[in-house]
Structures are given as structure tokens and as C-alpha cells.
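K.L.:
Residue numbers (our numbering): 20 to 625.
One structure follows; several queries about it will come next.
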Amino acid sequence: MPTVQWRKKGLDGAVRDGRLYGHNNLIIPLVSLEHDGVYECLVIGPNGIANISSATLTVLVQPTLLEDTPSHLLPVSRSKSITCPVSGKPEPNIEWFYNGNPIDTSQRPSNHKISDGGRRLLLLYIRNTDSGYYQCIASNKAGVAISITRIMLNIKENAPDRPRNVTAIATSSSTVQISVDFSPGTEFSVIQFQVQGEDPKLEVLNLKGLDLSETYETEIRGLKPFTNYSVEVQALSKKNGASDHSDKVYVQTKEAVPLAAPSLSLTNPNYHTILVSWSPLTAEQSQGKVIKYRIFYKAEDAPEVLEDVPADQTSFYIRDVEPETVYNIQVLAATGAGFPPRNEAEAMKHTTPAVNASSPPRLTLKYINDTSVRVSWQSPGLLSNEDRVIGFSFNITNLSDDSENLPLKHFNVNSSVHLKYVTDLDPYAEYEVTLVAVMKTSFSGTSSRKFQLATLKLQPEPWHFSVADITAHNISLVWTPVANGKVQYELCYSKVAEAAALCNRTYDTSWTVENLDSYTNYLFRARALLHDGYEHFSKKLIVKTREDSPSPPVQVSVEVLKPKVVRVQWLPPLYKNGELKTYIVNYTHQAKGSNLEPVWKSIIQK
Numbered sequence: 020m021p022t023v024q025w026r027k028k029g030l031d032g033a034v035r036d037g038r039l040y041g042h043n044n045l046i047i048p049l050v051s052l053e054h055d056g057v058y059e060c061l062v063i064g065p066n067g068i069a070n071i072s073s074a075t076l077t078v079l080v081q082p083t084l085l086e087d088t089p090s091h092l093l094p095v096s097r098s099k100s101i102t103c104p105v106s107g108k109p110e111p112n113i114e115w116f117y118n119g120n121p122i123d124t125s126q127r128p129s130n131h132k133i134s135d136g137g138r139r140l141l142l143l144y145i146r147n148t149d150s151g152y153y154q155c156i157a158s159n160k161a162g163v164a165i166s167i168t169r170i171m172l173n174i175k176e177n178a179p180d181r182p183r184n185v186t187a188i189a190t191s192s193s194t195v196q197i198s199v200d201f202s203p204g205t206e207f208s209v210i211q212f213q214v215q216g217e218d219p220k221l222e223v224l225n226l227k228g229l230d231l232s233e234t235y236e237t238e239i240r241g242l243k244p245f246t247n248y249s250v251e252v253q254a255l256s257k258k259n260g261a262s263d264h265s266d267k268v269y270v271q272t273k274e275a276v277p278l279a280a281p282s283l284s285l286t287n288p289n290y291h292t293i294l295v296s297w298s299p300l301t302a303e304q305s306q307g308k309v310i311k312y313r314i315f316y317k318a319e320d321a322p323e324v325l326e327d328v329p330a331d332q333t334s335f336y337i338r339d340v341e342p343e344t345v346y347n348i349q350v351l352a353a354t355g356a357g358f359p360p361r362n363e364a365e366a367m368k369h370t371t372p373a374v375n376a377s378s379p380p381r382l383t384l385k386y387i388n389d390t391s392v393r394v395s396w397q398s399p400g401l402l403s404n405e406d407r408v409i410g411f412s413f414n415i416t417n418l419s420d421d422s423e424n425l426p427l428k429h430f431n432v433n434s435s436v437h438l439k440y441v442t443d444l445d446p447y448a449e450y451e452v453t454l455v456a457v458m459k460t461s462f463s464g465t466s467s468r469k470f471q472l473a474t475l476k477l478q479p480e481p482w483h484f485s486v487a488d489i490t491a492h493n494i495s496l497v498w499t500p501v502a503n504g505k506v507q508y509e510l511c512y513s514k515v516a517e518a519a520a521l522c523n524r525t526y527d528t529s530w531t532v533e534n535l536d537s538y539t540n541y542l543f544r545a546r547a548l549l550h551d552g553y554e555h556f557s558k559k560l561i562v563k564t565r566e567d568s569p570s571p572p573v574q575v576s577v578e579v580l581k582p583k584v585v586r587v588q589w590l591p592p593l594y595k596n597g598e599l600k601t602y603i604v605n606y607t608h609q610a611k612g613s614n615l616e617p618v619w620k621s622i623i624q625k
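Have a look at this one:
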């Protein structure tokens with residue numbers, strides 16, 4: 020018959036206080052914490068081979084208080100830490116109560132803070148309403164233990180009256196101005212301002228020798244932007260103790276410009292389009308409510324383009340870009356306080372793909388009237404003879420029709436046609452245009468655009484607003500006319516750093532702006548003036564005038580140091596008109612009474 024043995028995993032394997040019950044059962048009469056562990060049952064057969072089975076004994080210990088928790092008599096405005104000295108297995112869950120009600124530290128602001136795994140409760144700046152009983156309840160599967168601490172306040176009879184008429188006004192994104200009244204005859208020497216929020220502050224001011232007969236004002240600095248705070252004021256006297264806290268007032272600091280730029284993702288749906296996507300800023304990054312985004316993009320040797328989009332938009336299509344071209348792209352977010360400085364946000368470089376046989380044509384839609392649209396396109400570019408375009412095929416589908424979304428109109432045209440007018444459309448229906456180029460042996464990729472005539476009508480005009488020529492003082496601009504007959508256009512421009520703009524009107528589709536400052540960034544935009552109202556402004560162009568000759572250096576002086584040696588000094592010109600690289604000092608020597616033409620020499624100073 021096999022024999023049975025029990026052992027405990029550990030140093031010596033002995034089973035303390037245990038005995039066999041029956042043939043193979045182990046009994047431990049009085050279980051304590053030292054019995055906790057893994058036990059093994061060994062069944063040994065006649066051949067001496069043992070089969071082993073294990074079992075885990077988990078001993079539960081109900082929470083136990085390790086020491087008494089005394090009561091405390093404290094002055095007003097003192098901070099006090101209360102502990103809950105408890106042990107148990109498993110680790111007890113600890114909850115805190117004040118006069119039988121749960122303490123919620125998640126509310127903001129709160130003058131209670133719990134730390135050390137719940138074993139410590141910190142009471143900040145104790146006031147009259149904080150006196151009472153604080154209960155620590157520790158519980159686990161084995162039981163419950165309760166600790167009670169009483170907090171009493173030592174309030175002196177001649178304590179200062181509590182401050183009155185407290186107001187708090189945000190004066191900036193990090194500063195709050197506080198004003199407060201005091202009762203006449205109140206004797207105290209210190210005011211304590213408590214600002215509660217995500218980053219609480221305690222401001223203590225020594226007012227000895229100040230006249231407090233009128234309203235007292237001060238500022239609390241170093242606060243977080245666009246953050247809610249509560250403010251309380253308390254008067255303290257070294258002789259008579261502290262007043263009660265004033266009524267609590269609430270204030271929100273003003274917005275600041277965002278701390279960071281959105282994180283960008285750049286992709287190419289096709290060779291002539293860049294999709295710019297970004298993630299919204301966090302509350303900490305935005306420092307306010309984001310009201311819009313601004314996209315800057317620029318190809319080399321081309322003017323920079325600026326586009327604004329609403330705050331709920333997190334993507335933007337840059338259309339009509341050139342293939343195999345590097346673009347610099349930057350996106351900034353704005354709050355009510357404005358945009359952050361551009362030099363604090365890094366621009367991303369992106370190279371557009373090359374054109375190949377699968378590249379889709381460039382597709383453009385133009386509103387004609389409330390029932391008609393002009394569809395125009397361009398071939399991808401020069402391809403091999405085998406991939407030569409022989410025609411185009413496109414469909415228009417009514418997406419608002421819940422039927423099978425079959426093409427509403429279908430057109431096949433030869434390769435010389437790049438324009439088609441589509442009529443009899445519903446101005447409020449949503450349509451999709453799809454277009455492919457037909458080649459001798461294959462098809463190009465598909466270009467597609469969704470549109471609604473009522474929305475397309477409001478798209479920026481005029482199109483293809485661009486720079487034709489730039490000099491130091493003149494910039495020439497051109498644009499594509501709108502399809503409404505003879506139309507007057509309004510072109511407005513300003514320096515980038517200035518808000519005020521100058522505008523001019525013309526019936527031409529080009530304009531040269533003259534008498535500009537050299538080496539200066541200007542912002543341009545244009546719109547058509549239609550008989551039924553203004554069209555929206557075109558995309559914005561940022562253009563920098565060329566460099567010009569600088570004005571002369573100023574405060575030029577010559578000092579003789581010794582025979583044949585002079586020192587020439589000067590200050591930079593008032594108008595640099597570009598980047599200064601060198602100075603040229605011209606000098607000559609001419610003897611007295613000489614009629615010879617002077618010979619000039621030059622020194623180049625970098």
C-alpha cells in the first residue's frame with residue numbers, strides 16, 4: 020500500500036502544527052500567517068517512486084490598527100497630515116470619511132489630498148468647517164478596521180474678522196488680480212491668499228505698516244493659462260490668530276497661444292494632391308480653445324500660400340501641386356490669443372511622387388450656375404508612346420439618390436478634349452465625378468471629386484491666383500477669370516506683420532503693386548465682385564520682395580591713431596533692404612596743391 024507524506028515548500032519543508040487525518044488528509048488546527056504557502060502531497064509506491072500534487076493555502080488576516088490615532092487641537096489655517104496605521108492580508112482597501120460622509124478628492128478645487136496608498140490624508144489650510152471626526156475604514160476579505168481622528172480648532176476670541184467683498188479678475192493667461200475689503204478696526208499683520216486649482220498656490224503677504232482702510236489689491240502670478248481657480252482670503256494676526264476664510268470666488272485665467280504645433284501626417288492621394296492631416300492639440304498644449312488652423316505651404320522658388328480652416332477640421336487637401344517637387348508644409352493652431360510664433364514650430368518637407376502611366380488626370384470643377392458645372396482636366400504629363408492618352412472617360416453619379424448609385428451621366432471624349440459642361444443638375448444634391456485617362460493598352464488611375472452646386476458656388480474666386488514677377492519694390496500678380504462675363508476684381512495686400520490692408524479694384528486679370536518696401540513679406544488675396552454679392556477671397560499668397568541697395572552707414576567717424584594709421588568706425592545703415600554681407604571702405608591720398616586726379620583704393624570689411 021502506498022504511503023502519504025505532506026511537506027511545505029520552504030527552507031526545511033516541515034509542516035508546523037499539522038497532522039494527518041485519515042490516511043491522506045492534512046489538518047492544521049489553528050491557522051496563522053506563518054502557515055501561508057504551498058503544500059505538497061507525496062504518494063510513494065512500493066517501488067519508491069513518488070507522485071506529487073500541490074495545493075496553495077492563502078491565510079487571510081483582517082485589518083489591524085498598529086497604533087492609536089490621537090486627536091488634534093489646531094489653529095485656523097494650519098495644514099495637518101492624518102495617517103491610517105493599518106496592516107492586513109490581502110492589503111486592505113482604505114477609505115476616508117468626514118463626519119460619516121465619504122471624502123471625494125477628485126473634485127476641483129479640494130483642500131483634501133490622499134497619498135501613500137490611501138494611508139495618509141492631508142488637510143490643507145484648515146478652516147472652521149474642517150473641525151470634526153475623520154474616519155479611516157480599512158477592509159479586506161477577512162474583515163474591517165476603523166480608525167477615528169478628531170480635529171478641533173483653536174479659535175481665539177479676538178481673532179480678525181473675515182475678509183469681505185473678495186473679487187478675482189484674470190488680467191492675463193497667468194495672472195489674477197484680487198481685491199478684498201476688511202472691517203474697520205480689524206487688527207492683523209498678514210493676509211493669506213489661497214488659490215485652488217490644478218496647481219494650487221498659497222500667497223502670504225506681510226502688510227505691516229500698510230493702510231488697510233480701503234480696498235486692498237494684489238496679483239497672484241505664475242498660474243496656468245485657461246484654467247479654473249477658486250480664491251479665498253484670510254487675515255492672520257500673530258497675537259490673536261486667524262480669521263475665518265472669506266467666501267470663495269471663482270476665476271478662469273485668460274487664453275494663451277498654443278505651446279505646440281499639431282503633429283502632421285502627409286500623404287499623396289495622387290501626384291498632384293497632398294493630403295495634410297493632423298491630430299488636435301491636448302488641453303495642455305492648446306492653452307485655450309482652438310478656433311482655427313492655418314496651413315502654410317511652399318514649393319522652392321514659389322511664393323508661400325496661406326490657408327485658414329475651421330477648428331473642427333483636421334485635414335486639408337493641397338491641390339494642383341507639381342510632381343517630383345519638394346514642399347515645405349507647416350500647420351499652426353490659434354486660440355483667442357492668436358497663433359504661436361512660426362519659428363517655434365518646425366515645417367515638414369514632403370516630396371510629391373513622379374508621374375507615371377497610372378497617375379490620374381488633374382480634375383477641376385467650376386460652378387457655372389445653380390444647375391450647371393464645368394468639368395475640366397489635364398493629362399498626367401508626357402508619357403511613352405505606348406502609354407499615350409487616346410481619350411478620357413468620366414461619370415457623374417447622384418450620391419443623394421438612394422437607389423443603386425448608378426451613373427447619372429457618362430461621357431467618352433477623345434484626347435484633345437479637356438473640358439465638359441454638365442447641365443440639368445440639382446443645386447442641393449451631392450454628386451461625384453470620376454475620370455480616367457484611356458491609353459492604348461491600359462487606363463490611368465481614377466480622379467474623383469464630390470461636390471454640391473450650392474457649396475461649389477461659394478468656393479474661393481478667382482482661381483490660380485499666382486505671382487508673375489517680383490522686384491525689390493514691385494510685385495505682379497495674375498489670376499484666372501471667373502466665368503461670369505466682365506467682372507471686377509478686388510485685390511488686397513498688407514505687410515505680413517500688419518493687420519491693415521490696402522485694396523484696389525480692376526477689370527483686368529493681372530495687377531502690379533508698386534512702391535513696396537524691399538526685402539519685405541507681403542500678404543496678397545483677391546476676390547471677384549459679382550452683381551449678387553462678393554465671392555470669397557482667394558487663397559492667400561505670402562510674397563517677399565527682392566533685396567535692394569542699403570542706405571549709407573551712419574555715424575561714420577575717422578580717428579588718427581598715429582602717422583599713416585587711422586581708425587574708421589560706423590554703424591549699420593538705417594535701411595538694410597536685405598542681408599548685409601560686406602562693407603567697402605574707399606580711401607585716397609592727395610598731396611596739398613596737387614592737381615592730379617585722386618587714386619582711390621578700397622578695403623572690403625565683412
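Just so it is clear, CB atoms sit at the ideal spot from N, CA and C, and this is done for glycine as well.
Quick caveat: nothing in here was measured; it's all calculated off a predicted structure.
Can you look up S249 in the DSSP assignment and give me helix, strand or coil?
P.N.:
strand
K.L.:
Quick check: the segment 99 to 112 against the segment 73 to 82, are there 3 or more CB pairs under 8 Å?
P.N.:
Between the segment 99 to 112 and the segment 73 to 82, the count of C-beta pairs closer than 8 Å reaches three or more; the two stretches touch.
K.L.:
Does the beta-carbon distance from V441 to K459 come in below 8 Å?
P.N.:
no
K.L.:
Which full runs of the beta strand (DSSP E) of 3+ residues lie inside the segment 442 to 509, going along the chain?
P.N.:
Listed in chain order, they are 450 to 458, 466 to 470, 482 to 489, 494 to 499.
K.L.:
Can you grab the Cα-Cα spacing for the pair N592 / R240, in whole Å?
P.N.:
Reading the sequence as shown, one finds Pro at residue 592 and not Asn. Taking the straight line from one Cα to the other gives about 41 Å.
K.L.:
Taking only the alpha-carbon atoms, compute the straight-line gap between S398 and Y336 and give it to the nearest angstrom.
P.N.:
20 Å
K.L.:
Go to Q304, then tell me how far its alpha helix (DSSP H) extends in each direction, as first and last residue.
P.N.:
302 to 305
K.L.:
Tell me the DSSP bridge mates of S570?
P.N.:
DSSP, once it has assigned bridges, lists no residue as partnering S570.
K.L.:
Contact between the segment 507 to 519 and the segment 571 to 590 is defined here as three or more beta-carbon pairs at a separation below 8 Å; is this criterion met?
P.N.:
no
K.L.:
Hey, could you find the ends of the beta strand (DSSP E) H91 is sitting in?
P.N.:
91 to 94
K.L.:
Let's see if you can read the secondary structure: which residues bound the beta strand (DSSP E) around L599?
P.N.:
Per DSSP, L599 belongs to no beta strand (DSSP E) and is neither H nor E.
K.L.:
So does the segment 261 to 273 actually touch the segment 180 to 195, counting three or more Cβ pairs closer than 8 Å?
P.N.:
yes
K.L.:
Any idea if Y541 is buried or exposed, counting beta-carbon neighbours within 10 angstroms, 16 or more meaning buried?
P.N.:
buried
K.L.:
If I follow the unbroken beta strand (DSSP E) through R393, where does it start and stop?
P.N.:
391 to 397
K.L.:
Could you give the DSSP three-state label for V295: helix, strand or coil?
P.N.:
strand
K.L.:
Cα separation between T564 and P281?
P.N.:
30 Å
K.L.:
Are the CB atoms of L384 and V394 nearer to each other than 8 Å?
P.N.:
Yes, Cβ-Cβ distance for L384 and V394 is below 8 Å.
K.L.:
How big is the Cα-Cα spacing for I101 and P329?
P.N.:
51 Å
K.L.:
Around the Cβ of Q154, are there at least 16 other Cβ atoms within 10 angstroms (buried) or fewer (exposed)?
P.N.:
buried
K.L.:
Between the beta-carbon of S576 and the beta-carbon of I603, is there less than 8 Å?
P.N.:
no
K.L.:
In whole angstroms, what is the alpha-carbon distance linking G64 and T22?
P.N.:
7 Å
K.L.:
Indicate the three-state DSSP secondary structure (helix, strand or coil) for L39 in the structure shown.
P.N.:
L39 falls in the strand class under three-state DSSP.
K.L.:
T607 to D536, Cα distance in whole Å?
P.N.:
35 Å
K.L.:
Do V252 and P179 come within 8 Å of each other at the CB atom, strictly closer than that value?
P.N.:
In this structure, the beta-carbon distance from P179 to V252 does not fall below 8 Å.
K.L.:
Rounded to the nearest angstrom, what separates Y447 and L382 at their Cα positions?
P.N.:
21 Å
K.L.:
Excluding five sequence neighbours on each side, which residues of the same chain lie with their C-beta closer than 6 Å to the C-beta of K317?
P.N.:
E323, N347
K.L.:
Under a three-way DSSP split, which group does H369 fall into?
P.N.:
strand
K.L.:
Identify, in the order they occur along the chain, each residue of the same chain with its Cβ nearer than 8 Å to the Cβ of A161, setting aside the five sequence neighbours on each side.
P.N.:
L79, V80, Q81, P82, G107, K108
K.L.:
E110 to V295, Cα distance in whole Å?
P.N.:
52 Å
K.L.:
If we ignore side chains and look at the alpha-carbon of each, how far apart do D36 and N159 end up?
P.N.:
26 Å
K.L.:
Do N70 and V62 have their CB atoms nearer than 8 Å?
P.N.:
yes
K.L.:
Around the C-beta of F462, are 16 or more other C-beta atoms found within 10 angstroms, so that it is buried, or is it exposed?
P.N.:
exposed
K.L.:
Does the distance from the C-beta atom of V340 to that of T301 stay below 8 Å?
P.N.:
By the CB criterion at 8 Å, V340 and T301 fall outside the cutoff.
K.L.:
Grouping DSSP H, G and I as helix and E and B as strand, with all else coil, what is D230?
P.N.:
Note that D230 has pLDDT 47, beneath the 50 cutoff, so the model's placement of it is unreliable and the number below is only indicative. Correct three-state label for D230: coil.
K.L.:
May I ask you to list the residues that DSSP assigns as paired with T525?
P.N.:
Answer is Y508.
K.L.:
Would A376 and D406 be called neighbours here (beta carbons separated by less than 8 Å)?
P.N.:
yes
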